[in-house]
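Encoded as structure tokens, the structure appears first; notes follow it.
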Amino acid sequence: MKKITIILFLFIWICSFGQSKSAITPETIQTSFTIWLDYQEKNIILSSDFVALDENSNEITKEAFLNQLAQGDYFPFKTKTINEIEHYQLIKIDPNSDSSIKASIAEKAIEELEHFKMEGTPFPEFNFKDLNGKPITNETFKDKIVVIKCWYIHCPLCIKEFPFVNKLASQYKDRNDIIFISFAEDNPEQLKKFLVKKPLAYAVVPNMKKYMNETLHLNAFPTHFILNKKGQIAKVLLDYKGLELALKKESQK
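Read in order, the letters of the sequence shown correspond to residues 0 to 252 in numbering that gives the first Met the number 0.
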């Protein structure tokens, strides 16, 4: 009986040790830059409509939250999820942690803050034609939700998300009020050749480098825009992770 008790105790101790070792805490994710990046990749989407909490767990505005992150003294920590809404809290960065963590958080927060301020503003005028010669203008998409993907052929992250965005477009194929288009830097010849191997279920507008750089002021790719039926920017996202939830929310209005 004593032997069984010892074995049972050892089993419980090993299980609890394994759980504590894998537990995610504000301390463990600051252990290294690699661990932080992995945590951020899996848990944090700053473009989403999250509930923002200060370091004392008091609710604050998203803008105030991003402003604090942009200073480089805090990092976002996911505390819970309620009805698909994430709750992120500001956690003070350990001064002894990798300085790259601080720098990366501040850089991303500054970018997300700029995008957040774009929400509710009119999307710039555009008047182009896609690869099939079809007009792509603000007027043709009046009273429609428009999903725009900005990309170029030699962007690995842009191409990596093709399967996801294609699947998303397929989910809304029966919604006549939702349009998927993409702005690409490359010329028509390059795009037609490329898209044979890597199909994209969006209308593709070529030669958009100048428009994306000078009019949209983009400095990161891919970038996604969701426009509401008034032609205003509803959401700006740096990758596909928050795109599905954001489009779902907009499509239900």
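Think of the CB as a built atom: it goes at the ideal place given N, C-alpha and C, for glycine as much as any other residue.
{"Asked": "Distance, Cys154 Cα to Leu246 Cα", "Found": "24 Å"}
{"Asked": "Ala200 vs Leu190 beta-carbon contact at 9 Å", "Found": "no"}
{"Asked": "Beta-carbon proximity check, Ile92 vs Asp48, cutoff 9 Å", "Found": "no"}
{"Asked": "Rounded C-alpha distance that separates Asp238 from Thr222", "Found": "6 Å"}
{"Asked": "Straight-line Cα distance separating Asn212 from Lys79", "Found": "37 Å"}
{"Asked": "Rounded straight-line distance, which links the Cα of Met207 to that of Glu113", "Found": "21 Å"}
{"Asked": "C-beta atoms of Phe224 and Leu156 nearer than 9 Å", "Found": "no"}
{"Asked": "Residue burial classification, Asp37 (beta-carbon count within 10 angstroms, cutoff 16)", "Found": "exposed"}
{"Asked": "Residue environment, Ala22, which counts as buried when at least 16 other CB atoms sit within 10 Å", "Found": "exposed"}
{"Asked": "Short Cβ contact (9 Å threshold) for Pro123 with Leu215", "Found": "yes"}
{"Asked": "Neighbour-count burial assignment, Val203, 16 or more Cβ in a 10 Å radius", "Found": "buried"}
{"Asked": "Rounded separation between Asn165 and Asn95 - CA only", "Found": "43 Å"}
{"Asked": "Backbone secondary structure at Val235 - three-state DSSP", "Found": "strand"}
{"Asked": "Cβ-Cβ separation, Ile34 to Ile28 (assumed contact under 8 Å), whole Å", "Found": "6 Å"}
{"Asked": "Neighbourhood of Ala187 by C-beta distance below 7 Å, restricted to the same chain and skipping five residues each side", "Found": "Note that residue 187 is Pro in the sequence shown, not Ala. Leu130, Pro205."}
{"Asked": "Buried versus exposed call for Glu110 [16 or more other C-beta atoms within 10 Å across all chains shown]", "Found": "buried"}
{"Asked": "Sub-9 Å separation of Ile144 and Ile177 beta-carbons", "Found": "yes"}
{"Asked": "Per-residue DSSP class, three states only, for Asn95", "Found": "coil"}
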